[in-house]
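In my numbering, the protein residues as written are 2 to 318.
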C-alpha cells in the first residue's frame, strides 16, 4: 500500500518507520518478508509488532537461512495480542522475558533448530493469519550477537560500527563530526554501474570490459527481448549492451568476485553514514556465471540485500 511500503520497517527516518507495513488489499496470507543481516548472527530474540491501526496480523512464523542450509522454520505462533516475542529459551523464560511488555505473546525458538538460529544470515518473517484485515506489521526488531562463524575482521568491523552508534547516542557533538565526514564521502568510480552509475550489488564484467550490476544486465536482456532482437531472450544468450555482440559460452558476463568483496566491505565499513541509509541492494537470482578468477562455473544462490523483500507480488527493491 502506498506510504506503507515494506521499506518502512528498516527506515532510518523515525516518522517513516512508524508507518509500518501494510500489504495491498488484494494480498492474502502467507506474506513473506526477508531481512538480510549485516553479518551472520546468533539470535537471542525477535519482537514482532503486528497491529497497525485497524489492521492486525495474528499468525507469524520465523524462518532463518545461512550459507550452509536453506530456510528453516525456528518458531511459529498464533495469538490474540498486539504482537509476539520469539526468544531463545536458553536466555529467557516466561518469568524473565526479553521485554517487560505483558501485552505481547511469548513464544520460543525450536530447540532442535539451534544450529540454524545461532548462525543466521537472513531472517524471514512470514505472516500466516490476520484478523479479517490485510496483512500488516507495525515493527520488527531482530536481536542477537555476532555469530562465531564470522571472521575476525568482520566481527571487528561490526563491533566498531556498534561502538560508533553508541557514541553518537551519548555524544551530541558526534552529529557535527558526522556532517563533516559526510562532506568528504564519495563512492569509488569502480563500484558504480557503467550504465546507471549506481552502486552495484552484484558486479558482472561484460566481454567488452565494462562492469554493470546483475539487475542492470537483466533489464537489458528484458528490453532486448521485448523489442524482438534476435538471440536476446532472457534466460538465454543475450547481447553486450556496449558492443551489441551476442554472448557465447566462452564470451559472456562473469561475476567479478574480487570487486564484489570490496563493495561488501565498503558498505559494511560505511553503513553508519547517512548517505548509506537509502542504499538498496537487490537479491540475486539463481543464474550461472563463470568465475573470472578460476574459470569455473559459479551458481549464484546467495541473497544480496541490506533490507528485505516480500514474496508473492510485493518487491520493495
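Beta carbons are placed, not taken as given, at the ideal position from N, Cα and C, and that holds for glycine.
For residue i, the first and last residue of its enclosing alpha helix (DSSP H)
i, result
"residue 29", "Where residue 29 is concerned, there is no enclosing alpha helix (DSSP H), given that its DSSP letter is neither H nor E."
"residue 205", "Segment 204-206 is the beta strand (DSSP E) holding residue 205; no alpha helix (DSSP H) there."
Where the beta strand (DSSP E) through residue i begins and ends
i, result
"residue 142", "140-147"
"residue 214", "212-214"
Assigned secondary structure, residue i (DSSP; H/G/I helix, E/B strand, else coil)
i, result
"residue 15", "helix"
"residue 157", "helix"
"residue 68", "coil"
"residue 262", "helix"
"residue 193", "strand"
"residue 115", "helix"
"residue 135", "coil"
"residue 162", "helix"
"residue 9", "helix"
"residue 240", "strand"
"residue 200", "strand"
Residues that residue i bridges to, as DSSP identifies them
i, result
"residue 88", "46, 109"
"residue 57", "52"
"residue 36", "124"
"residue 62", "77, 127"
"residue 188", "None, per the DSSP bridge assignment."
"residue 23", "137"
Distance cut-off 8 Å: residue i Cβ against heavy atoms of the ligand MG
i, result
"residue 12", "For the ligand MG, the structure offers nothing, since it holds no ligand at all."
Sequence-distant residues of its chain with Cβ nearer than 6 Å to residue i (five each side left out)
i, result
"residue 84", "49, 50, 51, 105"
"residue 42", "121, 145, 148"
"residue 340", "This structure does not reach residue 340, given that the chain is present from 2 up to 318, and the question cannot be answered."
Other residues of its chain near residue i: CB distance less than 8 Å, five sequence neighbours each side excluded
i, result
"residue 141", "10, 34, 36, 47, 48, 49, 50, 126"
"residue 57", "51, 83, 131, 132, 134, 137"
"residue 88", "45, 46, 47, 98, 99, 107, 108, 109, 110"
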